[in-house]
Amino acid sequence: MSSLRDGYTAVVLGASGALGKACLHHLQADPRCARAIGLSRGSDPALVLEDESSLAHCAAHLREHAPLHLVLDATGALTIDGRGPEKRLEDLDADNLLRAMQINALGPMLAMKHLLPLLAKNEHVIWAKMSARVGSIEDNHKGGWYGYRASKAALNMLLQTAAVEIARRRPLAVIAALQPGTVRSRLSQPFVGDEGLAPEESARRLLHVIDRLPPNGRAHFVDHLGNSIPW
Ligand SMILES: NC(=O)c1ccc[n+]([C@@H]2O[C@H](COP(=O)([O-])OP(=O)(O)OC[C@H]3O[C@@H](n4cnc5c(N)ncnc54)[C@H](OP(=O)(O)O)[C@@H]3O)[C@@H](O)[C@H]2O)c1
């Protein structure tokens with residue numbers, strides 16, 4: 027990551043997932059990275075998106091490693107509590123829709139609430155969150171996947187709102203919502219089988235892309251090739 031200071035500190039949230047693990051490996055192998063820390067439900071401390079006190083606890087743990095220069099949030103879920111995405115209106119269930127919002131939109135933003143104060147000030151820093159192209163309202167031509175789509179669209183709006191606020195105090199901060207491509211993982215397996223990009227390749231591309239994004243007071247919504255996605 028050549029845009030960040032030499033000796034930068036990175037944190038990956040959801041480091042137990044396919045993309046999180048791959049991003050963490052790349053960062054740990056970067057000679058310019060002094061420290062790359064992975065957090066997940068299985069780490070100590072545990073990061074549980076539905077439990078705000080766990081997010082505060084993670085922030086307290088990370089304080090000794092602050093300032094942070096890169097936070098990459100690779101958490102997210104498509105199949106939740108054993109239930110896959112809705113195909114039609116009759117499948118809608120309020121509890122399931124709320125669970126998708128909780129995991130894909132609200133939890134990640136509460137994580138940002140607690141970890142953002144640890145980001146370095148007055149220098150280039152990056153907050154990157156795995157979103158999904160299906161969260162684009164303009165790009166929705168196929169329909170279906172109501173909860174996942176809506177929760178990623180909500181995430182995108184929350185990130186954009188935060189980007190405007192963050193720019194006032196950290197004008198050099200980059201905020202990015204990422205589309206990693208279709209990537210082989212636990213999340214995608216029931217829908218695409220073993221098709222798709224290797225997580226290591228997607229992670230390599232995404233890190234390359236975020237390394238080149240300019241701070242401009244707004245959030246970026248970009249894919250693994252660096253192409254902008256309409257919100
Ligand atoms: N794979 C794709 O094709 C694809 C496409 C577009 C967007 N994305 C996005 O990329 C991100 C990563 O996906 P992936 O493919 O790497 O999936 P994955 O391998 O299933 O990883 C998901 C990660 O999220 C964590 N997580 C899920 N629910 C959580 C919760 N309640 N609290 C804390 N952590 C939780 C998982 O933790 P555990 O290990 O503890 O379960 C895991 O670390 C997601 O945001 C996804 O929407 C993926």
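Numbering (the numbering used here), first residue to last: 27 to 257.
Ideal placement from N, C-alpha and C gives every residue a C-beta, glycine not left out.
Computed from a predicted structure; not experimentally measured.
- Considering only R175, V38, A41, the residue with the shortest C-alpha distance to L118 is R175.
- L233 sits away from H95, with the two beta carbons spaced by 8 Å or more.
- Within its own chain, the residues whose Cβ lies closer than 6 Å to the Cβ of P93, once the five positions on either side in sequence are excluded, are A146, listed in chain order.
- Counting only runs that start and end inside the segment 133-193, the beta strand (DSSP E) elements of at least 3 residues fall at 151-156.
- Distance from the Cα of D249 is smallest, within the candidate group P241, A154, G219, A193, for A154.
- Under a 10 Å Cβ-count criterion, T101 is classified as buried, with 16 or more other Cβ atoms of the shown protein chains found around its own Cβ.
- No heavy atom of ligand 1 is found nearer than 7 Å to the CB of V38.
- Bridge pairing for T35: R61 [DSSP].
- Judged by DSSP in its simplified three-state form, V74 adopts coil rather than helix or strand.
- Where V97 is concerned, the enclosing beta strand (DSSP E) starts and stops at 96-99.
- According to the DSSP assignment, V248 belongs to the beta strand (DSSP E) that extends over 245-249.
- Looking at S28, Y34, G243, the one whose alpha-carbon comes closest to that of A199 is G243.
- Y172 places its beta carbon 8 Å or farther from that of L213.
- Ranked by Cα distance from G222, the options L132, A44, D56 are led by A44.
- Between L75 and I129 a beta carbon distance of about 5 Å is seen, short of the 8 Å cut, so the two are scored as contacting.
- Three or more Cβ pairs drawn from the segment 128-142 and the segment 71-89 lie within less than 8 Å of each other, which places the two stretches in contact.
- Per the coordinates, the alpha-carbon of L81 lies some 27 Å from the alpha-carbon of L239.
- A Cβ-Cβ contact shorter than 8 Å links L185 with A245.
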